[in-house]
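In my numbering, the protein residues as written are 480 to 914. Think of the CB as a built atom: it goes at the ideal place given N, C-alpha and C, for glycine as much as any other residue. Model, not experiment: these values are computed from the prediction. The next block holds one structure in the form of structure tokens; read it before the comments.
Given below as structure tokens:
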């Protein structure tokens, strides 16, 4: 069964990320924020390190509707859905609101898909003594949230979670809360500060968003203990004081102010900090400036200079693009998505607008331009997962309105090498040998 494996950093999970900030109760907490500082045991200068994903040993495939799959990126980034999807989504939510039975949420559009969210994660250590959690790293989010001891105990059975009360270095942050509304519920809580160790760098006083409640979707995702956002500035849901991201804080310690992403289709990927590994790409890296998405926060975005589908003619078109390691569907303007599936035999649209095709169909490669260079993405990556009939699959490329920017998510990332360069505020792209 085709699926999106690597770095599926909760596909829908983060794929349906921050849509609305909500406030949470802070109880009787009376402490204020403490300053962040590097631990004495940290690698203090010219640091370089590589993080390798680990397989989530508690992972199991989950079922959800194609409507929720398609709606994920729209909800995550607060952008308007196509009309047919919006109507299907409203119908789906109505059924979900009228029943506590989550299977109704999955069945209402008549199409169940089995999803591989959370199959690969990164270990992160918090507190004194150290508590190790397995997190999803998401470049299209600034939030750092975890399952916590503040949640109802019945939800914590057989789960790993952060316990701030058990850490001698943890302090609560008076009045600071966080919250996010997802497609299938809300996550919310309060903020504590504690030591966070990633590889050989320890940051004391790092804000940690501690969950007091999570949606049913997250509750049904075993082995994923939270999310670490890697956006490049203040891009999180904390109130009343948004915080800089973990990555921006450790930049002074890195040998170079960069990190790179190298994901693998149905396999284990890596994120490298402070250096660029020349063994992980072919040819040369081509760079382009970061662009700002109006109202979109500090996301990693750029302008591509054109595209081609399969062996078709290259189209010179300047379009803004946002990259996202936390989403499983890449969104294209409708004309581009239509052009892509015109080349896929047997493809069709569901009533909700989602593109479907025979799983055995040959999918064309997708080429996009960065400057005068061409970056090639393997067509096989756009087989997201199969439908219940075992014959048809939902596509990893879906459509959105014309004259809007593009989302390049995991299906694209699994074919290419991506550099996130803070020092020069640019992104770099290179081709890779496909696995």
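Short Cβ contact (8 Å threshold) for residue i with residue j
| i | j | result |
| --- | --- | --- |
| residue 807 | residue 887 | no |
| residue 784 | residue 795 | yes |
| residue 768 | residue 904 | yes |
| residue 737 | residue 850 | no |
| residue 705 | residue 629 | no |
| residue 725 | residue 670 | no |
| residue 680 | residue 600 | no |
| residue 672 | residue 512 | yes |
| residue 911 | residue 812 | no |
| residue 777 | residue 699 | no |
| residue 816 | residue 772 | no |
| residue 654 | residue 665 | no |
| residue 545 | residue 757 | no |
| residue 527 | residue 896 | no |
| residue 832 | residue 602 | no |
| residue 616 | residue 749 | no |
| residue 535 | residue 693 | no |
| residue 819 | residue 836 | no |
| residue 732 | residue 524 | yes |
| residue 634 | residue 779 | no |
| residue 890 | residue 809 | yes |
| residue 565 | residue 682 | no |
| residue 847 | residue 786 | yes |
| residue 902 | residue 735 | yes |
| residue 668 | residue 620 | no |
Local conformation of residue i per DSSP, three classes
| i | result |
| --- | --- |
| residue 471 | The structure shown does not extend to residue 471, since the chain is modelled only from 480 to 914, so the question has no answer here. |
| residue 870 | coil |
| residue 588 | Below a pLDDT of 50, predicted positions are generally treated as unreliable, and residue 588, at 47, falls in that range; the measurement from the model is reported next regardless. Of the three classes helix, strand and coil, the one that applies to residue 588 here is coil, per DSSP. |
| residue 820 | helix |
| residue 561 | coil |
| residue 649 | coil |
| residue 624 | strand |
| residue 858 | helix |
| residue 606 | coil |
| residue 897 | strand |
| residue 815 | helix |
| residue 633 | helix |
| residue 568 | helix |
| residue 842 | coil |
| residue 878 | strand |
| residue 643 | helix |
| residue 757 | helix |
| residue 578 | Note that residue 578 has pLDDT 49, beneath the 50 cutoff, so the model's placement of it is unreliable and the number below is only indicative. Looking at residue 578 - three-state DSSP - the assignment turns out to be coil, as it is neither helix nor strand. |
| residue 783 | strand |
| residue 828 | strand |
The beta strand (DSSP E) enclosing residue i, as first and last residue numbers
| i | result |
| --- | --- |
| residue 615 | 610-617 |
| residue 835 | 834-837 |
| residue 906 | 905-910 |
| residue 768 | 761-768 |
| residue 530 | 528-531 |
| residue 916 | Shown here, the chain extends from 480 to 914; a query on residue 916 therefore has no answer. |
| residue 788 | 786-788 |
Start-to-end residues for the alpha helix (DSSP H) that takes in residue i
| i | result |
| --- | --- |
| residue 545 | 545-556 |
| residue 892 | 889-892 |
beta-carbon residue i near the ligand COA non-hydrogen atom, thresh 7 Å
| i | result |
| --- | --- |
| residue 549 | Within the structure as shown, the ligand COA is missing, as the structure has no ligands at all. |
Chain B contact for residue i (CB, 8 Å cutoff)
| i | result |
| --- | --- |
| residue 809 | Checking the listed chains, one finds no chain B in this structure; it contains a single protein chain. |
Legend entry - Length-filtered (3 minimum) beta strand (DSSP E) runs lying within the region 667-749: The qualifying runs are 680-692, 705-708 and 737-741.
Inset, instruction - Give a yes or no on contact between the region 638-652 and the region 681-690, applying the rule of three or more CB pairs nearer than 8 Å. - result: Yes: at least three Cβ pairs fall under 8 Å.
Inset, instruction - Check whether the region 853-871 touches the region 836-843, counting contact only when three or more Cβ pairs, one atom from each stretch, lie closer than 8 Å. - result: Contact holds: three or more Cβ-Cβ distances are below 8 Å.
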